[in-house]
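The block underneath contains the structure these notes are about, expressed in structure tokens.
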Amino acid sequence: MYEGVVQNLIDELGRLPGIGPKSAQRIAFHLLAADPADVKRLSSALTEVKERVRFCSVCGNVAEDEECRVCRDPRRDLAIICVVEEPKDVVAIEKTREFRGRYHVLGGAISPIEGIGPDDLRVRELMTRLADGQVTELILATDPNLEGEATATYLARLVKPLGLRVTRLASGLPVGGDLEYADEVTLGRAFEGRRLLDV
Amino acid sequence: MKLYRDEGIVLRTQKLGEADRIISLLTRRNGRVRAVAKGVRRTKSRFGARLEPFTHVDLQIHIGRSLDVIGQAETIRPYGEALGGDYPRYTAGTAMLETAERLTAVEKEPSLRQFLLLVGGLRTLGDGSHDPRLVLDAFLLRSLAVAGYAPALTECARCGDPGSHRTFAIPSGGLVCANCRPTGVATPAHETIGLMIALLRGDWEVADTSEHRHRQECSGLVAKYLQWHLEHSLRSLRLVERA
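Take a look at the structure:
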């Protein structure tokens, strides 16, 4: 046990994910030895993130203003919406540079066993966005696990009367892996979604 | 390191650390087991979709200090494939998994009958031959019977007087006769009781031809009866959807 403030810092750091008591102690002593300007920068970054970051009023992504960077961008295609579970997924898709439409962040997936139903997600907000008829394609990019599949099925059924083009991201073999290690479900999906190789 | 081999159904998964998951399984020989699947959330994980809920897997497990660790997993049958694409069946299946988990309260206590019932239930749900809600109710009634809580449907739950009584008293454990009848209990339709008996016995001919209103009444009673005995509400039951 250390003097009050040092122990406080160790306890607070120890509450972060993946940080055990030993790592917390190491980080605390690193901060004690560090340049005061560096520590100041870290502390202001922490306060600022809590003060300034909120959720985009359109898509639910993390944003600094009323709307997020993607929703504010006039070059984005308004006719396509890509539905994802978490803001982290937006970043992952943005990195591919393949998608030029806008997003809708659900805030999770339907998981009855955890007590999470459609009403606990931003499904109603999605339906409001689709109501004006501007959107022509809905891409369902929920996680490729059971909860994500069930959520995609639920949404596809819900928007069916609107007559949109509803697509789901492909599932299959990861690039750079060995075929023999693929599980039956993934390999089966890869067969289902095979494409014509026209050379 | 000590190893054991078993087969089981994945009941629930829970995120752990950066890329791991704790997998809760109902196994054939070891009852309910919680084991860590390392790196399963990475796209290049060798487990892939094998440890998703509803999957029947063959496993090799290392005995760990606090939690066991899954070494290898091979799919026996991926029941989740058929369920993920059908919302009513998915929600009914999830309620089955949650019930199986709740009824096997003690870890590593063998419960072969519960395991076989779950495999059978998922298989029936997956082949789509019956209304998912009926499959769920049949599973719930039989799970309760396996756990020792079978409702009395052909005699009075209190005095044992045989015959088809009209009143269903949940705290008493099923149908009760006119003499034993407590106040404020449900009087379901005669056909609803018939449906419950059919579901408990696996008489699908009777169950499949039942009317919608009796199915609804039966589901309501089964849900209340289950929650009374579990002393807990089932989270997934609220979200089960009718086909």
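Residue numbers (my numbering), protein chains in the order written: chain Y, 1 to 199; chain S, 1 to 243.
Positions of the beta carbon are idealized from the N, C-alpha and C atoms, including for glycine.
Bear in mind the structure is a predicted one, so any value in this text is a computation, not a measurement.
Cutoff 9 Å: residue i Cβ touching any chain S Cβ
| i | result |
| --- | --- |
| Thr186/Y | yes |
| Thr153/Y | yes |
| Arg157/Y | yes |
| Ser111/Y | yes |
| Gly133/Y | no |
| Leu146/Y | yes |
| Asp183/Y | yes |
| Glu85/Y | no |
| Ala150/Y | yes |
Residues near residue i by beta carbon distance below 6 Å, same chain, minus five either side
| i | result |
| --- | --- |
| Thr192/S | His214, Glu217 and Cys218 |
| Gly8/S | Leu25, Leu26 and Thr27 |
| Leu237/S | Ala95 and Ala223 |
| Phe139/S | Met96 and Gly121 |
| Val206/S | Ala198 |
| Cys159/S | Cys180 |
When the options are compared against residue i, the one with the closest alpha-carbon
| i | options | result |
| --- | --- | --- |
| Ala102/Y | Thr128/Y, Cys68/Y, Pro112/Y and Gly133/Y | Going by the sequence as given, residue 102/Y is Arg instead of Ala. That would be Cys68/Y, whose Cα lies nearest to the Cα of Arg102/Y. |
| Phe115/S | Arg235/S, Leu26/S and Leu83/S | Leu26/S |
| Arg41/S | Ser164/S, Glu18/S and Arg5/S | Glu18/S |
| Gly117/Y | Asn145/Y, Leu173/Y, Tyr154/Y and Asp183/Y | Tyr154/Y |
| Ser24/S | Ile170/S, Gly220/S, Arg113/S and Glu98/S | Glu98/S |
| Ala28/Y | Ser44/Y, Glu51/Y and Asn8/Y | Asn8/Y |
| Asp65/Y | Arg76/Y, Ala79/Y, Leu78/Y and Val49/Y | Val49/Y |
| Leu13/Y | Met1/Y, Arg26/Y and Pro36/Y | Arg26/Y |
| Gly128/S | Arg89/S, Ser210/S and Ser164/S | Arg89/S |
| Val58/Y | Val123/Y, Asp143/Y, Ala109/Y and Ala141/Y | Val123/Y |
| Lys15/S | Val36/S, Tyr4/S and Arg5/S | Val36/S |
| Arg168/Y | Glu192/Y, Asp119/Y, Ala141/Y and Ile93/Y | Ala141/Y |
| Arg102/S | Ile70/S, Leu239/S, Glu241/S and Arg235/S | Arg235/S |
Close-in-space but distant-in-sequence residues of the same chain around residue i (CB under 7 Å, 5 per side omitted)
| i | result |
| --- | --- |
| Pro87/Y | Asn61, Val62 and Val105 |
Supposed contact pair residue j and residue i - C-beta distance, whole angstroms, cut 8 Å
| i | j | result |
| --- | --- | --- |
| Ala82/S | Gly126/S | 4 Å |
| Leu138/Y | Val166/Y | 5 Å |
| Thr94/S | Pro112/Y | 4 Å |
| Val10/S | Val57/S | 7 Å |
Closer than 9 Å to chain Y by CB, residue i
| i | result |
| --- | --- |
| Lys38/S | no |
| Asp20/S | no |
| Pro78/S | yes |
| Ser66/S | no |
| Phe54/S | yes |
| Leu98/S | Checking the sequence, you will find Glu at residue 98/S rather than Leu. At least one chain Y Cβ lies under 9 Å of Glu98/S. |
| Phe47/S | yes |
| Ser172/S | no |
| Ala95/S | yes |
| Leu239/S | yes |
| Glu285/S | Outside the shown range of chain S, which is 1 to 243, sits residue 285/S, and nothing can be said about it. |
Any non-hydrogen atom of the ligand NAD closer than 8 Å to residue i Cβ
| i | result |
| --- | --- |
| Asp77/Y | For the structure depicted, the ligand NAD is absent and the ligand set is empty, with no information on it obtainable. |
Cβ-based neighbour list, residue i, same chain, cut-off 8 Å, excluding 5 preceding and 5 following
| i | result |
| --- | --- |
| His190/S | Ser164 and Arg166 |
| Phe54/S | Ile9, Val10, Pro78, Tyr79, Gly80, Leu83, Gly93, Leu97 and Leu122 |
Below 8 Å, can you find three or more Cβ-Cβ pairs linking the stretch 95-114 of chain S to the stretch 157-164 of chain Y?
-> Output reads no: the stretch 157-164 of chain Y does not touch the stretch 95-114 of chain S.
The stretch 31-40 of chain S contacting the stretch 104-115 of chain S, beta-carbon criterion three pairs below 8 Å = Touching, yes, given that three or more Cβ pairs across the two stretches are closer than 8 Å.
Any 3 or more C-beta pairs closer than 8 Å across the stretch 35-50 of chain S and the stretch 67-78 of chain S | Contact check between the stretch 35-50 of chain S and the stretch 67-78 of chain S: three or more CB pairs, one atom from each, fall below 8 Å, which counts as touching.
For the stretch 196-203 of chain S against the stretch 141-157 of chain S, are there 3 or more C-beta pairs whose distance is under 8 Å?
-> Yes: at least three Cβ pairs fall under 8 Å.
Quick check: the stretch 225-238 of chain S against the stretch 133-147 of chain S, are there 3 or more CB pairs under 8 Å?
-> At 8 Å Cβ cutoff, the stretches touch.
With a cut-off of 8 Å, do at least 3 Cβ pairs link the stretch 143-152 of chain Y to the stretch 133-144 of chain S?
-> Three or more Cβ pairs closer than 8 Å define a contact, and the stretch 143-152 of chain Y falls short of that threshold against the stretch 133-144 of chain S.
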